[in-house]
Amino acid sequence: MENHIKALILEHATTLFGQEIDEQLIQFQVTRKDVEGDLTLVVFPFVKLLRCTPLEAGQKIGDFIEQHVSDVEKCIVVNGFLNIVFSNNYWLTQLNEVYQTASYGFAPKGSRPTIMVEYSSPNTNKPLHLGHLRNNFLGYSVAEILKADGHEVIKTQVINDRGIHICKSMLAWEKFSPLNEKGERETPQNTGLKGDKLVGKYYVEFDKNLQKEAKELISAWETGDFSSCSNEVKTAFTNFQTAKIDKDEKAIQGIDDKIKELAKNNTSILLEAKEMLVKWEARDPQVYLLWTTMNSWVYDGFESTYTKMGVDFDKLYFESETYLLGKDQVIQGIADGVFFQKPDGSVWIDLTADGLDEKLVLRSDGTAVYMTQDIGTAIDRFHDFPSLNGMVYTVGNEQDYHFKVLFLILKKLGYAWAENCFHLSYGMVDLPTGKMKSREGTVVDADDLMDEVIEKAEEMTKERGHIESLSPEERTALFEQIGLGGLKYYLLKVDPKKRMMFNPEESIDLTGNTGPFIQYAHARISTLLERAGQIDLSEIQTADLIHEEKEIIKLLTQFPQTIHEAASGYSPAIVANYIYDLVKNYNHFYQAVKILSEENTANKNLRLALSECVRRAIQQSLMVLGVQAPMKM
RNA sequence: AGCCCUGUAGUUCAACGGAUAGAAUAAGCGUUUCCUAAACGCUCGAUCCAGGUUCGAUUCCUGGCAGGGCUACCA
61 MENHIKALIL EHATTLFGQE IDEQLIQFQV TRKDVEGDLT LVVFPFVKLL
111 RCTPLEAGQK IGDFIEQHVS DVEKCIVVNG FLNIVFSNNY WLTQLNEVYQ
161 TASYGFAPKG SRPTIMVEYS SPNTNKPLHL GHLRNNFLGY SVAEILKADG
211 HEVIKTQVIN DRGIHICKSM LAWEKFSPLN EKGERETPQN TGLKGDKLVG
261 KYYVEFDKNL QKEAKELISA WETGDFSSCS NEVKTAFTNF QTAKIDKDEK
311 AIQGIDDKIK ELAKNNTSIL LEAKEMLVKW EARDPQVYLL WTTMNSWVYD
361 GFESTYTKMG VDFDKLYFES ETYLLGKDQV IQGIADGVFF QKPDGSVWID
411 LTADGLDEKL VLRSDGTAVY MTQDIGTAID RFHDFPSLNG MVYTVGNEQD
461 YHFKVLFLIL KKLGYAWAEN CFHLSYGMVD LPTGKMKSRE GTVVDADDLM
511 DEVIEKAEEM TKERGHIESL SPEERTALFE QIGLGGLKYY LLKVDPKKRM
561 MFNPEESIDL TGNTGPFIQY AHARISTLLE RAGQIDLSEI QTADLIHEEK
611 EIIKLLTQFP QTIHEAASGY SPAIVANYIY DLVKNYNHFY QAVKILSEEN
661 TANKNLRLAL SECVRRAIQQ SLMVLGVQAP MKM
């Protein structure tokens, strides 16, 4: 309708305004709730053209639209806005169309290009936490929204299964794990601990011992004992000590931190870990076996967490397999003049002309850095999937700079698809007590949090739910749907790029702008429709249309546009806000009218059809948010 | 120090440059002989500061102020 009127105005521009006009001048918007109208045309842009008051301009255009568009009942000019009122017949036809279209709002599969969405990408030495939940829910939802908008989507993640951090866990496990009566070290099997938690425990264990050893080392140095280290270290330490003289407290603090760093780097335990990494890179059989074993524990642990989260992946990339990629590209890039080599052999890119710094892409010893790997992996992915058109990286905003550089490098290397790479940068999740810090033990574990919200959902549902007819299995499933639904909705309703506050209390709330609020509406409509039986729309055009109904139809017709906007903006929050608004309107309507007991059959069927359309919109919206829509609750 | 992001009711979140800045929550009041009250209605309450661009600025620009992040031959 909007496009129809726009085309009409453009076509008759000369008669209306005495000249051709720019399409940009025709600005439509949704009419405010508190004024009459279904679509609003902003009149201001035309005032200059017509040399008259906004009121006169509005009336002139309004008269024109009334005459030329049969579905327009009337036009009202208010404060420079032309509010167009559509006929009831128009809205009834719209409803009929929404009702007849099975997945109204979703674009045909494959109607848009293929996109790869990367998310999750955890380290294998730390269990998943609250931040990962936002990442996973966000990445999964964006992937689903892109699908709904017609894209082919490949969901992926990079598993950081390589590097010094893995060796730390491995070493700590070898050194500190107690032996049981059978002489075995701790395993998930003999402890019953989740694999990722067990490995995480030893990572922490490593850090503890590292700190302890570093502290001892510093005390030794302070007493002049340098027996365990080289002369360079001795000199460095002495220099730091002299530097502290006559400095203020803050400066001393800074120097102390450097001393601590120096000590850490000289601990035997870290040296051992580094040796282990060297062995790993040389494929030492013993180290490799240990690595494989411990990683498999982690994967099992992650797998169960992902299952509970309800997320999945089409293709996995392992850092151990990709970390060597990219070196060839860098070497080729030197020849092409994209990169340059410093005298020490290290390779850099100069981005100062683009307002950025110089950035290292290959170390002087020829080994790869993170950036090298990312370059290689990106190129590799486009080889793996020839139909691939673009990529979305779901990674926290602390890496904004990294991705800016990465995309720029890819572009300079001559890859046209670099334009279609997008860093879905999301803000940190804060707790009411402040930032999550692993050292202070304030990290909210993903598994624990999910269990907690499910438990809370169970408690609340038993108190007020309608679950008499459900089997024990169905009940368990329902508690999970509600608990996780609430959690996901809570994390997704906020604009991804914004830092957000996570209040554990509120995340499991059931009232207000929450997941269960939406789910409840779905359950309520579901039982209503179950009782209603067949819906008959044959007499629909004779039905009356009240204000509430019209508002809902209006919202329903905005669903396709909403999905598209959410997809182009990579924002599940747009879907969440939309569906909340729709449900609020529906609840208001539900409270205001009778449905099943309505005597006029045309009206009754209209309301049933409306309810069905709303139910579907809820179900589809929740689906792309990764939230289940219960039939009863 | 430089660069990037964010500042909206007490609190958590909304608002393609558009009309009287919406919700939720908290506080108070009200709605069940009727389809699920996990609902609905009413009351109270906000754009960090100073300039600028515009018919019109929470939104864009400049300068402050506040909070966070990034500035590793770590990953």
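When we follow this note's numbering, the leftmost residue of the first sequence carries the number 61, and every step to the right adds one. Beta carbons: idealized from backbone N, C-alpha and C, even for Gly.
Item	Value
At what residues does the alpha helix (DSSP H) containing E273 begin and finish?	255-282
Could you tell me which residues DSSP puts in a beta bridge with R172?	H211
In angstroms with no decimal places, state the Cα-to-Cα distance between K235 and E379.	26 Å
For L547, count neighbouring Cβ atoms within 10 angstroms of its own Cβ and tell me buried if that reaches 16, exposed if not.	buried
Using beta-carbon positions only, say whether L735 and V407 come within less than 8 Å of one another.	Examination of residue 735 is not possible in this model, given that the chain is present from 61 through 693 alone.
Could you pull out every residue in the same chain whose Cβ sits closer than 6 Å to the Cβ of D596, ignoring the five residues on either side in sequence?	N665
Rounded to whole angstroms, what is the Cα-Cα separation between K375 and D444?	10 Å
So, is S171 buried or exposed, given that buried needs 16 or more other C-beta atoms within 10 angstroms?	exposed
Straight-line CA distance for E533 to D256?	28 Å
Taking 8 Å as the cut-off, decide whether the C-beta atoms of M560 and D490 are in contact.	yes
Evaluate contact between the segment 501-518 and the segment 536-543, counting only Cβ atoms and requiring at least three cross-stretch pairs below 8 Å.	yes
Evaluate the contact criterion for the segment 168-187 versus the segment 204-217: three or more CB pairs, one atom per stretch, below 8 Å.	yes
Considering only DSSP beta bridges, list what D372 is partnered with.	Beta-bridge pairing links D372 to no other residue.
Hey, could you find the ends of the beta strand (DSSP E) L109 is sitting in?	Counting along the chain, L109 falls outside any beta strand (DSSP E), though it belongs to the alpha helix (DSSP H) covering 104-110.
Looking at C-alpha atoms only, which residue of V259, S181, Y461, N240 is the closest neighbour of N195?	S181
Between which two residues does the beta strand (DSSP E) holding L570 run?	No beta strand (DSSP E) holds L570; DSSP gives it neither H nor E.
Can you tell me whether DSSP reads H64 as helix, strand or coil?	helix
Touch check for the segment 562-574 and the segment 656-673: three-plus C-beta pairs under 8 Å?	no
Might you give, ordered along the chain, the residues of its own chain that have their beta carbon closer than 6 Å to the beta carbon of A431, omitting 5 neighbours on each side?	The residue asked about is misnamed: residue 431 is Met in this sequence, not Ala. Answer for M431: V421, listed in chain order.
Using C-beta distances below 7 Å, list every residue in its chain close to A274, excluding the 5 sequence neighbours before and after it, in chain order.	K320, A323, K324, T327
Smallest Cα separation from S364: which of Y348, L253, D434?	L253
Would you call the segment 471-479 and the segment 217-236 touching, i.e. three or more CB-CB distances under 8 Å?	no
As a quick exercise: from G260, R676, A626, L68, pick the residue whose alpha carbon is nearest that of L642.	R676
Taking the beta strand (DSSP E) that S180 belongs to, which residues open and close that run?	First-last for S180: undefined, no H or E at that position.
Where does M354 sit, in a helix, a strand or coil, going by DSSP?	helix
From the DSSP secondary-structure annotation, give me the bridge partner or partners of V687.	According to DSSP, V687 bridges with nothing at all.
Can the beta-carbon of V692 be found less than 8 Å from the beta-carbon of L530?	Sequence check: residue 692 is Lys here, not Val. Cβ atoms of K692 and L530: closer than 8 Å.
Taking a contact to mean a Cβ-Cβ separation below 8 Å, would you say V674 touches I585 in this structure?	yes
Quickly, what does DSSP pair N143 with across the bridge? List them, please.	T100, I136
Under a Cβ-count criterion, where at least 16 other Cβ atoms within 10 Å of its own Cβ denotes burial, should V95 be classed as buried or exposed?	exposed
With a cut-off of 8 Å, do at least 3 Cβ pairs link the segment 285-298 to the segment 232-251?	no
Between the beta-carbon of K557 and the beta-carbon of N457, is there less than 8 Å?	yes
For E518, which residues from the same chain have a beta carbon less than 7 Å from its beta carbon, with the 5 sequence-adjacent residues on both sides left out?	F539
Distance, Cα to Cα, S201 vs L551?	11 Å
Measure the alpha-carbon distance for G243 versus S237 and round it to whole angstroms.	11 Å
Please classify Q87 as buried or exposed, where buried requires at least 16 neighbouring CB atoms within 10 angstroms.	exposed
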